[in-house]
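Undergrad:
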Amino acid sequence: MNDDDLNELIDAFTAECEEFLQLMETNLLAMEAAGLKERQAAVKEMFRAAHSIKGAGSMLGFQNVSAAAHTLEDCFVILRDRTDLSVLEPTTVSVLLQGVDALKKIALESIQHSDVTTPDQTENLEVIAQIFAEFEAKYGKPEQSPVPAASQSPAPETLKLIFEHDVLPLFNRLETDLSQASEADLAKSVTALNQVYYQLSGLAGMLQLPDFGKVAEPLRDLIDSPDLTLERLQSEGWTIAQNLQTARQQLLEGRAIDIPSISPSPTPPDSPTPPDSPTPPNSSTPPDSSTPPSLSHTPRLPPSPSPPVPNPQRPTIRVDLERLNELVNLVGELVINRTNLELQESELRSEVKRIRRSILDLNQFGGQLREEYDRLSFADWRGGNGSSGLGKLAAAETEFPMIANGKSSVPHGHFDILEMDRYTEFHSTAAEVIETAQAISQSATKLDSLAMKFERSTDQLRRITDQLRSRVMQLRVVSFSRAVDHLPRALRDMCLTYEKDVNLLLLGRDTKIDESLLDALRDPLIHLVRNAFDHGIEMPEVRQAIGKPASGQIEIEARHQGGQTLITVTDDGKGIDPEIIRRKIVTKGLATEEQAQEFSIAELYDFLFWPGFSTAEGVSDLSGRGVGLDVVRTNLRTVRGTVKVDSRLGKGTSFIIKLPLLLSITDALMVKTDHNKIAVPLDAVEEILHIKASEVHIAGNQPMLWWRQEFIRLVRMQDLLEYSVVAPDAPSPDPLSLEEIPVLVLASPEGMLAVAVERLIGQQEIVVKPLPPPLSKPRGVLGSTILGDGRVVTILDVDDLVGQPSANSSSAAVSGTVQEMAPSGSQSPLILVVDDSYTIRQLLSLTLTRARYRVVQAKDGVDALEKLQNGLDCSLAIVDIEMPRMDGFELLRSIRGTHRFANIPVAMLTSRSGEKHRQMAMELGANQYFTKPYSEAQLLQAIPKLIKH
């Protein structure tokens with residue numbers, strides 16, 4: 002087993018250990034409100050989890066983990082056998098939770114320090130030992146039930162399978178470490194062999210094979226020798242390896258293990274003995290035939306008649322995250338191209354149908370020609386009398402010369418027209434038309450068959466694509482429970498500390514989210530729960546006085562909607578009082594009293610996310626520092642997430658987090674409005690209606706629609722969007738002026754909204770592509786998609802459209818468009834943006850303005866220097882390097898060389914990422930160096946530090 006294999010095992014152990022620890026914590030928390038049977042089942046699960054950690058830790062040589070898990074396992078034995086689980090004391094759960102925490106810390110320390118005992122580990126081991134001592138003193142010692150002899154060791158067939166397959170990599174690693182040992186890396190080899198010994202001894206302990214452990218014990222004595230040399234290590238090490246192989250063979254043959262004495266072997270099997278070197282006595286004796294010189298040549302036993310036990314460990318590989326992201330993107334491109342093929346297949350079928358219609362017309366025309374000729378011929382025969390001429394037929398034969406029958410060109414005059422057909426070029430032309438039509442019909446039939454095969458292939462490609470998409474998405478997604486399983490414990494601790502009774506309800510725990518979002522979610526969720534607990538939920542006596550139950554409730558729900566993951570954190574507390582926010586704004590000097598009175602609810606709620614802003618009267622362990630909601634916004638911004646606030650005074654508050662999916666393929670309803678195609682996520686469409694103009698009601702200036710026993714707002718789609726595209730044709734008609742109005746009833750957590758569109762196009766599967774940075778998400782726009790014909794179509798964010806700012810809801814600016822507030826000038830730093838690219842200046846200005854900074858733009862160094870010399874007082878300058886007239890280096894040199902401007906912080910923002918440019922900027926006095934394309938989150942995080950510099 003090489004280092005990579007060992008690291009993979011340790012990674013697997015880490016993940017498994019986290020899972021078992023979380024299982025124990027979850028069961029302990031659930032026991033408080035569970036019945037007797039559920040508590041008994043929970044104790045059994047926790048016992049098995051501790052037992053599994055003990056065995057796995059012993060296998061990998063983590064003796065401290067194994068010992069701690071064993072002690073905790075004994076605590077669960079006492080809890081199972083010596084206590085009355087129908088009467089469970091809260092202190093018992095609290096003490097066991099402390100034990101789980103201590104085991105978690107021991108496992109983390111052991112993995113980080115390769116099981117070297119640290120002071121922290123010793124302290125945590127003492128904590129678990131103290132817990133066990135308290136349990137033993139209170140409830141008595143755990144009962145040691147006799148174990149039947151048959152269960153003291155694994156079944157013989159299982160034992161054979163383990164030593165035949167699973168132990169091979171371990172022995173191979175032992176031989177590899179011995180053969181590759183050198184004087185220079187002797188210490189490294191000793192460390193590797195020490196890990197092998199721990200795994201061998203752990204295997205012997207887990208399988209209850211003390212004799213096998215005694216065969217491996219000399220390896221520990223060898224590597225612990227103070228005067229160990231390379232020659233001795235290899236000599237005695239190969240003997241130990243051969244003894245272990247002999248013991249393995251004896252186990253495979255069902256014989257007892259003979260414990261041999263150590264006889265040094267001079268050379269490893271792979272190393273040839275020099276011809277002039279003396280041969281030690283033992284080297285001339287060939288090894289026992291049952292002991293193979295190398296594990297790779299070990300013969301396997303014939304298969305046992307009993308069915309083999311499958312190996313529970315499945316092979317795994319490591320994949321670079323960037324490659325996985327590329328694979329996900331390729332799946333999205335595959336879906337887009339599949340849609341293109343479906344469009345081409347539909348066009349092909351339509352074209353085949355058109356050809357068939359043309360062939361029918363052509364056949365009909367040819368038949369009419371034949372019928373017309375035959376009619377003319379028969380009419381002439383009936384009207385002719387031998388001297389009257391040919392009449393119409395003669396005229397036809399004059400225009401279309403007669404074609405003779407047979408090889409002769411002379412007509413058969415002695416045959417009547419009924420006795421011998423006569424053909425003219427007119428008749429032949431008609432026949433050729435019919436034959437050509439038949440040939441084209443055959444080709445159309447083949448085209449139709451090819452189109453059907455194309456359709457079947459497209460359907461098969463659709464199924465394969467769907468399966469591939471599902472499998473690829475499973476590589477990157479985990480259950481939402483991974484982000485919230487730690488919250489019940491945190492809430493329980495707060496309830497005990499602050500004497501509140503609050504229940505936590507977790508909905509949608511199995512909702513799949515991208516694993517990369519876990520780290521960005523954990524801190525926001527804990528801050529929102531703490532915020533709801535402290536600011537929202539009232540004390541029990543206050544709740545009872547106003548008619549609420551004494552126990553409060555916090556609900557966290559996760560679900561998918563319209564290519565996004567929606568996470569809602571709701572409490573049934575007192576809600577947010579807008580007037581308290583107004584007073585705080587004035588008190589902190591963020592605005593004057595007159596300005597504060599003009600702020601809407603949307604603007605007031607946005608202040609909650611400002612750094613240092615808090616509505617708490619004082620500072621406590623839970624709140625008052627203005628950090629919590631700022632962390633929420635900052636963390637969500639890094640993953641292009643948004644957060645909304647919905648609060649009702651006296652009823653409670655909801656925070657709605659929206660996160661983009663890594664790859665979202667969803668069904669959408671395509672509509673046309675204002676000459677543009679728009680995609681509306683189908684899961685947000687509650688109903689599709691076609692209404693008459695007379696069904697539209699007017700309340701003031703607002704059109705309303707009576708729908709399901711209530712009035713809902715009716716708006717035009719183009720009125721909801723904050724952008725428009727100039728179309729070459731005439732303006733589109735007003736949907737509300739049509740005789741029959743297509744209406745979509747959209748649903749979201751914000752409510753219901755009826756939207757009138759110009760035309761409904763149809764349903765289509767789309768790939769949701771979020772707008773890439775540095776572009777920010779516009780209000781009402783979720784992203785875009787590419788249709789099969791290559792056109793880019795906007796996807797609506799229904800929540801943004803339905804959740805218009807009203808008296809009790811608002812949007813907090815995380816990455817969307819927000820109405821600008823008017824904080825006082827002294828509170829808003831001024832930033833000078835210097836770049837010759839108009840697009841970069843505009844994008845950067847938009848980002849800074851949204852973050853509540855004032856911005857002044859300059860197109861090059863000369864323009865920037867003129868603004869500074871004219872009295873511009875800026876708190877920071879963000880400067881490009883390559884610009885006309887005066888580049889960034891020259892501007893930086895001028896700023897640092899002028900006493901008035903020398904203290905202005907300067908950050909370079911350039912596409913030059915080389916060390917030479919970076920070093921030059923730092924030597925000239927730059928405070929920070931960013932490269933394009935820049936990260937909006939990193940830039941906004943660094944600006945406050947630069948301004949305070």
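Counted the way the working numbering counts, the sequence shown spans residues 2 to 950.
Cβ coordinates follow ideal geometry from the N, Cα and C atoms, glycine included.
1. Let's test the definition: count the other Cβ atoms within 10 Å of the Cβ of Arg233 and tell me whether it reaches 16, buried, or not, exposed.
2. Starting from Ser480, follow its DSSP beta bridges and name the residues at the other end.
3. Evaluate Leu519 with the Cβ neighbour count: other Cβ atoms within 10 Å of its Cβ, from every protein chain shown; 16 or more gives buried, anything less gives exposed.
4. Check this for me: beta carbons of Ser846 and Val834, under 7 Å apart or not?
5. Which same chain residues, not among the five before or five after Ser838, have their C-beta less than 7 Å away from its C-beta?
6. Determine the burial state of Thr123: buried for a count of at least 16 other Cβ atoms within 10 Å of its Cβ, exposed for fewer.
7. Going straight from the alpha carbon of Glu46 to that of Leu505, what length do you get?
8. When DSSP builds the beta bridges, which residues end up paired with Glu741?
9. Taking C-beta to C-beta, are Ser1 and Arg523 nearer than 7 Å?
10. Helix, strand or coil for Asp289 per DSSP?
11. Let's see if you can read the secondary structure: which residues bound the alpha helix (DSSP H) around Tyr499?
12. Should the region 534–550 be regarded as contacting the region 584–595, the criterion being three or more beta carbon pairs within less than 8 Å?
13. What does the alpha-carbon distance come out to for the pair Ile107 and Ala69?
14. Given Arg221, which residues of its chain have a CB within under 6 Å of its CB, disregarding the five upstream and five downstream residues?
15. Could you check what DSSP says for Phe656 in three-state terms: helix, strand or coil?
16. Expressed to the nearest angstrom, what Euclidean distance is found between the alpha-carbon atoms of Glu346 and Gly333?
17. Terminal residues of the continuous beta strand (DSSP E) containing Tyr854?
18. With a CB to CB cut of under 8 Å and the five nearest residues on each side skipped, what residues in its chain are close to Pro734?
19. Scan the region 541–576 and note each continuous beta strand (DSSP E) run of 3 residues or more that stays entirely inside, going in chain order.
20. Classify Pro550 as buried or exposed, calling it buried when 16 or more other Cβ atoms lie within 10 Å of its own Cβ.
21. From what residue to what residue does the alpha helix (DSSP H) around Ser111 run?
22. Measuring only the C-alpha atoms, how far is Glu985 from Ile787?
23. Where does the unbroken beta strand (DSSP E) through Lys917 begin, and where does it stop?
24. Can you tell which of Thr84, Ile337, Arg174, Ser67 has its C-alpha closest to the C-alpha of Ile666?
25. Count the other CB atoms, across all protein chains shown, that sit within 10 Å of the CB of His528; report buried if there are 16 or more and exposed otherwise.
26. By a C-beta neighbour count over all protein chains shown, 10 Å radius and 16 as the cutoff for buried, is Asn532 buried or exposed?
27. What is the rounded straight-line gap between the Cα of Ser458 and the Cα of Val672?
28. Going straight from the alpha carbon of Gly238 to that of Glu184, what length do you get?
29. Distance check for Asp573 and Leu739, CA to CA, integer angstroms please.
30. Between Arg709, Val633, Gly701, Ala757, which lies nearest to Asp675 when the distance is taken from Cα to Cα?
31. Terminal residues of the continuous alpha helix (DSSP H) containing Ser648?
32. From Lys215 to Gly203, what distance separates their C-alpha atoms?
33. Starting from the Cα of Gln719, find the closest Cα among Glu741, Met753, Lys678 and give me that residue.
34. Taking only the alpha-carbon atoms, compute the straight-line gap between Ser111 and Ile11 and give it to the nearest angstrom.
35. Within this structure, are the beta carbons of Lys659 and Gln565 separated by less than 7 Å?
36. How would you write the range of the alpha helix (DSSP H) that Thr123 sits in, first residue to last?
TA: Looking at the coordinates:
1. exposed
2. Residue pairing for Ser480: DSSP places it in a beta bridge opposite Lys513.
3. exposed
4. yes
5. none
6. exposed
7. 23 Å
8. Lys693
9. Because the chain spans 2 through 950 in this model, residue 1 falls outside it and cannot be assessed.
10. Low confidence applies here, because Asp289 scores a pLDDT of 40, under 50, leaving its location unreliable; read the following figure in that light. Three-state result, Asp289: coil.
11. 488–499
12. no
13. Between the alpha carbons of Ile107 and Ala69 lies a distance of about 8 Å.
14. Tyr198
15. strand
16. 20 Å
17. Taken as a continuous stretch (DSSP letters only), Tyr854 belongs to no beta strand (DSSP E), as it is neither H nor E.
18. Glu759
19. 553–562, 565–572
20. exposed
21. 91–113
22. Since the first residue of the chain shown is 2 and the last is 950, residue 985 is not available in this structure.
23. Here Lys917 belongs to no beta strand (DSSP E); instead the alpha helix (DSSP H) covers 916–925.
24. Ile337
25. It counts as buried.
26. Buried is the call here.
27. 29 Å
28. 15 Å
29. 45 Å
30. Ala757
31. Looking at the DSSP string, Ser648 is not in any alpha helix (DSSP H); the run it does join, the beta strand (DSSP E), is 643–649.
32. Lys215 and Gly203: Cα-Cα distance of roughly 12 Å.
33. Lys678
34. Roughly 11 Å between the two C-alpha positions.
35. It is a contact, given that the beta carbons lie within the stated cut-off.
36. 120–140
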